[in-house]
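Undergrad: Protein chains in written order, with the working numbering: chain A, 1 to 390; chain B, 391 to 535.
We treat Cβ as the ideally placed atom computed from N, Cα and C, and that holds for glycine.
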Ligand SMILES: [Zn+2]
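Spelled out as structure tokens, the structure:
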């Protein structure tokens with residue numbers, strides 16, 4: 001069994017670039033901006049940072065670039081320290097954060113940097129060739145299709161409707177319109193989502209998140225480090241990373257890896273879903289948010305569609321989901337998305353989220369998952385953050 | 391009935407995935423069956439999570455009759471160049487007590503639904519990036535009225 005961490009770790013600072021299209025900026029340039037922002041926000045200088053984890057899911061594939069972490073930190077005059085480059089599909093950024101959390105929670109370091117960067121906007125006429133060595137991909141599997149199969153099972157089993165799924169996209173675009181860092185700042189209507197081109201039945205184009213460019217970063221500190229600098233931080237109450245069990249006959253209306261991850265995270269934080277004030281989830285496709293809503297315990301299995309349609313997950317609802325706009329509207333550079341979720345939750349818990357601010361937000365949960373493996377995801381990560389007196 | 395084109399010269403999608411007849415034509419899919427608990431995985435996995443390490447996984451010929459568990463139709467070509475529209479999903483194989491990923495072919499085109507009875511078929515994978523590759527799929531059985 002996994003032992004519980006001996007000490008607390010805190011997010012002391014966050015930074016991110018605007019997400020979207022950055023054709024004239026390099027990966028390194030984007031990474032530098034996010035890291036500088038996060039360090040300034042945390043009030044740390046280069047010599048304070050004792051280790052760094054850099055996530056990029058696409059750099060080796062798209063830009064043919066490796067060692068992105070060291071390249072970014074060299075620009076900032078940060079050497080000597082251990083730097084690990086991380087790849088875990090769409091859960092890459094969250095994986096970098098998990099590793100930084102481990103170092104601090106287990107007393108190895110006091111100040112650790114986690115950042116993630118990708119440029120996933122593809123030149124016209126080219127497509128992203130992620131995962132094409134897998135058997136399923138060679139038989140024709142593409143990412144939207146995998147999620148379309150989950151939607152197909154959810155509709156068959158629970159009667160979830162295309163309108164309910166489309167409502168996820170409408171809500172997240174509404175939220176994105178309030179987020180200056182988001183790729184899409186324009187609302188869409190239910191009809192526009194439903195009438196956009198079909199990609200993989202039943203998922204239309206506006207039911208799918210974009211490929212984006214961007215970077216995000218977080219500085220993780222120990223309690224002692226915060227005290228020494230009279231600084232404040234948001235506590236990481238749980239950091240869980242899991243893979244699936246890949247049982248061939250499992251129920252495909254949800255992801256087993258996420259269920260396992262959620263149970264572990266709530267247990268580690270010592271809370272129930274009722275105590276969560278806001279949520280950022282992996283809405284790579286509309287159906288995903290509906291399933292996450294159920295698996296994370298905000299409504300019963302099968303009720304995610306109706307729950308979404310009722311407005312409970314909107315900014316003004318009982319459990320706001322993806323106040324940032326989510327992957328659907330904020331955009332999705334896979335290496336950075338997990339840390340962009342943390343950026344949003346930290347703003348909300350500090351009360352600095354502007355027009356998106358959720359009242360009396362004290363506890364936030366971030367969930368992200370990446371890659372297809374068998375009939376589940378390669379990785380699922382959940383972080384629970386909360387305001388505590390350090 | 392027309393003669394089917396020969397598939398004998400194609401490279402298997404994965405080594406050992408297909409059972410071939412004396413002429414090299416595919417006749418079945420080879421899965422892995424745990425000799426401890428009988429669990430069937432396809433493509434075959436090296437070990438079984440439910441049994442002691444080292445429990446042999448044996449070759450197991452899958453049945454050719456299945457029922458569609460989940461299906462979707464893709465409306466744009468894949469990164470590897472599978473021409474759209476095309477369908478795939480998961481097929482339950484009751485005789486093997488397992489479920490496998492598979493391309494799906496409807497009676498008249500790509501339309502396939504959950505619950506459809508389907509039968510194993512073989513073909514050259516129509517993806518530009520991997521020419522000459524032997525693949526498999528499941529096709530809706532023709533209704534005889
Ligand atoms: Zn076994």
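Taking 7 Å as the line, does the beta carbon of residue 55/A fall inside it for any heavy atom of ligand 1?
TA: Answer for residue 55/A: no, Cβ out of range of ligand 1.
Undergrad: At a CB-CB cut-off below 7 Å, which residues of chain A make contact with residue 504/B?
TA: Those within 7 Å of residue 504/B in chain A are 152 and 156.
Undergrad: Among 293/A, 287/A and 294/A, which has the Cα closest to the Cα of residue 144/A?
TA: Of the candidates 293/A, 287/A and 294/A, the one whose C-alpha sits nearest the C-alpha of residue 144/A is 287/A.
Undergrad: Could you tell me whether any non-hydrogen atom of ligand 1 is closer than 7 Å to the CB of residue 435/B?
TA: The answer is no for residue 435/B.
Undergrad: Ordered along the chain, which non-local residues of its own chain (more than five positions away) have a Cβ less than 6 Å from that of residue 494/B?
TA: So the qualifying residues of the chain are 461, 477, 478, 479, 502 and 528.
Undergrad: Rounded to the nearest angstrom, how far is the Cβ of residue 391/A from that of residue 379/A, given a contact under 8 Å?
TA: No answer is possible for residue 391/A: it lies beyond the span of chain A, which begins at 1 and ends at 390.
Undergrad: Using only the alpha-carbon positions, how far apart do residue 546/B and residue 176/A sit?
TA: Lying before the first or after the last residue shown, residue 546/B is absent from chain B, which here runs from 391 to 535.
Undergrad: Using a Cβ-Cβ cut-off of 8 Å, state whether residue 391/B counts as contacting chain A.
TA: In this predicted model, residue 391/B has a pLDDT of only 47, less than 50, meaning its place in the structure is not dependable; the value taken from the coordinates is given anyway. No, its Cβ sits nowhere closer than 8 Å to a Cβ of chain A.
Undergrad: So, at 6 Å on beta carbons, what are the nonlocal neighbours of residue 255/A in its own chain, with the 5 sequence-adjacent residues on each side left out?
TA: So the list reads 376 and 377, once near-sequence residues are dropped.
Undergrad: CA-CA distance, residue 317/A and residue 422/B?
TA: The alpha-carbon atoms of residue 317/A and residue 422/B are separated by roughly 49 Å.
Undergrad: If I follow the unbroken beta strand (DSSP E) through residue 464/B, where does it start and stop?
TA: Residue 464/B -> beta strand (DSSP E) spans 455-464.
Undergrad: In the DSSP assignment, find the unbroken beta strand (DSSP E) run with residue 54/A in it and report its ends.
TA: It spans 51-55 - the beta strand (DSSP E) in which residue 54/A sits, taken as one unbroken run.
Undergrad: If we ignore side chains and look at the alpha-carbon of each, how far apart do residue 77/A and residue 115/A end up?
TA: Distance between the alpha carbons of residue 77/A and residue 115/A is about 16 Å.
Undergrad: Work out the CA separation of residue 208/A and residue 101/A for me, nearest whole Å.
TA: Between residue 101/A and residue 208/A, the C-alpha separation is close to 31 Å.
Undergrad: CB-CB under 7 Å to residue 5/A, same chain, minus the five flanking residues each way: which ones, in chain order?
TA: These residues qualify, in order along the chain: 105 and 106.
Undergrad: Using the C-alpha atoms, what's the distance from residue 120/A back to residue 59/A?
TA: Approximately 9 Å between the Cα atoms of the pair.
Undergrad: Residue 191/A: which of 180/A, 204/A, 113/A and 185/A sits nearest, CA to CA?
TA: Taking only the C-alpha atoms, the option nearest residue 191/A is 204/A.
Undergrad: Go ahead and label residue 413/B buried or exposed: buried means 16 or more other beta carbons lie within 10 angstroms of its beta carbon, across all protein chains shown.
TA: Under this definition residue 413/B is an exposed residue.
Undergrad: Nearest CA to the CA of residue 229/A: which residue from 98/A, 129/A, 110/A and 215/A?
TA: Of the candidates 98/A, 129/A, 110/A and 215/A, the one whose C-alpha sits nearest the C-alpha of residue 229/A is 110/A.
Undergrad: Please report the distance separating the alpha-carbon of residue 216/A from that of residue 404/B.
TA: Whole-angstrom Cα-Cα distance: 39 Å.
Undergrad: Nearest by alpha-carbon distance to residue 508/B: which of 522/B, 484/B, 519/B and 525/B is it?
TA: Taking only the C-alpha atoms, the option nearest residue 508/B is 484/B.
Undergrad: Examine chain A for any beta-carbon lying closer than 8 Å to the beta-carbon of residue 496/B, and answer yes or no.
TA: Cβ-Cβ to chain A under 8 Å: no for residue 496/B.
Undergrad: What does residue 479/B pair with, by DSSP beta-bridge criteria?
TA: Answer is 461/B and 492/B, bridged to residue 479/B.
Undergrad: Can at least three beta-carbon pairs, one atom from the region 153-168 of chain A and one from the region 427-441 of chain B, be found at a separation below 8 Å?
TA: Result no; under three Cβ-Cβ pairs closer than 8 Å.
Undergrad: Do we get a CB-CB distance below 8 Å when we pair residue 509/B with the residues of chain A?
TA: For residue 509/B, the answer is no, since every Cβ of chain A falls outside 8 Å of its Cβ.
Undergrad: Would you say residue 378/A lies against chain B (beta-carbon separation less than 8 Å)?
TA: False, the Cβ-Cβ gap to chain B never drops below 8 Å.
Undergrad: Can you tell me whether residue 501/B is helix, strand or coil according to DSSP?
TA: Reduced to three states, the DSSP call for residue 501/B is coil.
Undergrad: Quick check on the DSSP output: the beta strand (DSSP E) that includes residue 308/A runs from which residue to which?
TA: No beta strand (DSSP E) contains residue 308/A, which is instead part of the alpha helix (DSSP H) from 304-309.
Undergrad: If you measure between the beta carbons of residue 219/A and residue 39/A, is that distance less than 8 Å?
TA: Yes, these two residues count as a Cβ contact at 8 Å.
Undergrad: Could you tell me the boundaries of the beta strand (DSSP E) in which residue 334/A lies?
TA: Per DSSP, residue 334/A belongs to no beta strand (DSSP E); it is in the alpha helix (DSSP H), 334-350.
Undergrad: I'd like to know if residue 6/A contacts chain B, where contact means its C-beta is closer than 8 Å to some C-beta of that chain.
TA: No - not a single Cβ of chain B is within 8 Å of the one on residue 6/A.
Undergrad: In angstroms with no decimal places, state the Cα-to-Cα distance between residue 362/A and residue 14/A.
TA: Their backbone Cα atoms lie some 17 Å apart in a straight line.
Undergrad: Going by C-alpha distance, which of 262/A, 160/A and 225/A is nearest residue 243/A?
TA: Out of 262/A, 160/A and 225/A, 262/A has the C-alpha closest to the C-alpha of residue 243/A.
Undergrad: Can you look up residue 199/A in the DSSP assignment and give me helix, strand or coil?
TA: The answer is strand: DSSP assigns residue 199/A an E or B state.
Undergrad: Classify residue 395/A: buried if its beta carbon has 16 or more other beta carbons within 10 angstroms, exposed otherwise.
TA: For residue 395/A there is no data in the structure shown, the boundaries of chain A being 1 and 390.
Undergrad: Nearest CA to the CA of residue 360/A: which residue from 311/A, 221/A and 278/A?
TA: Cα-wise, what sits closest to residue 360/A is 278/A.
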